[in-house]
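Peer 1: According to the numbering used here, the stretch in the sequence shown is residues 26 to 95, in order.
For reference, the structure I am asking about is given below.
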Amino acid sequence: MKAASEQWEHGTRRGYRQKRCRCDECRAWNKTTQTAYAAGYRARTGVSVRTKYRRTAQDAIAATPIEPSN
């Protein structure tokens with residue numbers, strides 16, 4: 026466990042560095058950045074970021090095993 030005064034390494038969401046700063050300032054900055062990105066993505070594509078990563082009905086059908094017919 027880190028002491029409150031110990032310096033954190035600033036990393037990225039993709040995990041290029043294992044340790045990320047979790048201070049209130051950095052968390053607020055990340056949230057603002059995420060919100061701006063999501064708004065821009067919706068303006069560009071017309072769909073939300075969540076829609077991009079959601080499983081569709083077609084994916085669910087494709088993942089269903091085919092039963093052998095006798």
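We treat Cβ as the ideally placed atom computed from N, Cα and C, and that holds for glycine.
Computed from a predicted structure; not experimentally measured.
(1) Quick check: the Cα distance between Arg67 and Asn55, rounded to an integer number of angstroms?
(2) CB of Trp54 to nearest heavy atom of the ligand NAD: below 7 Å?
(3) If you draw a straight line from the C-alpha of Arg47 to the C-alpha of Gln59, how long is it?
(4) Sorted by chain position, which residues of the same chain lie with C-beta nearer than 8 Å to Tyr62's C-beta, five sequence neighbours on each side aside?
(5) What are the complete alpha helix (DSSP H) segments, minimum 4 residues, inside the segment 42-78?
Peer 2: In short, the structure shows the following:
(1) Position 42 of the sequence shown, counting from 1, holds the residue named residue 67. Position 30 of the sequence shown, counting from 1, holds the residue named residue 55. One C-alpha to the other measures close to 18 Å.
(2) Inclusion of the ligand NAD in the displayed structure is not the case, the ligand content being empty and no account of it being possible.
(3) Working through the sequence shown from its first residue, we reach residue 47 at position 22. Working through the sequence shown from its first residue, we reach residue 59 at position 34. One C-alpha to the other measures close to 15 Å.
(4) Residue 62 sits at position 37 when you count from the first residue of the sequence shown. Hits under 8 Å: Val74.
(5) 49-70 and 74-78
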